[in-house]
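Each residue of the sequence shown is one higher than the one before, counting from 30 in the numbering used here.
Heads up, the beta-carbon is just placed ideally off N, CA and C, and yes, glycines get one too.
Just so you know, these numbers come straight off a predicted model, no measurement behind them.
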Amino acid sequence: GEETIESFLPQFLEVRESEVSAATFKTESGFWFQSAGLLSTIGSTPLSLITSSTFETHLQALRSRSCSIRTQQLHRSAYIAFLKYGKYLSKIEYSAEEVRMVKGRKGNKGKLRDEIVPFTSEEVGKLLDGAGSPMHRC
């Protein structure tokens, strides 16, 4: 049969493991194998049929589980690394540059729902106090 994302993944992961740190590899592998991972939503897709809608299918699954924008971006990153390797081996025609960016969604008040808010100076003090180490104190 035709090679799918799932059947090509072990070859990619073998190479990927040698390219990144052990911690990064463990995290990225999780994006593929966890219950809502890439394999569960798009693993059966033949490599020759990967299109822009392939990752959109996975994004919809992540959003239905209320995954944060950051999680969606990390899944995108793992998927793009896979695409680039497949393209390098001429197994995938679809270009990683065509996978759209994952951006913050606006809530009902017009603010980004996953907006990053810096700590206040009071919160920083509490965090440092809780760390128990004088190393970062001036």
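Isoleucine 121 CB to nearest heavy atom of the ligand ZN below 7 Å: With respect to small molecules bound, the structure shown includes none, and the ligand ZN cannot be examined in it.
Cβ distance (whole Å) where glutamate 45 is taken to contact glutamate 57 below 8 Å: The amino acid at residue 45 is misidentified as glutamate; the sequence shows arginine. Going by Cβ atoms, the distance from arginine 45 to glutamate 57 rounds to 7 Å, so yes, they are a contact pair.
Boundaries (first-last residue) of the alpha helix (DSSP H) holding arginine 105: 98-117
Bridge partner(s) assigned by DSSP for proline 75: Thr33
Euclidean distance between Cα positions of alanine 65 and cysteine 96: 10 Å
Under the three-state DSSP convention, the category valine 49 falls into: coil
Among Ile121, Pro147, Ala90, Phe111, nearest to glutamate 211 - alpha-carbon criterion: Any answer about residue 211 is impossible in this case: the structure gives the chain only from 30 up to 167.
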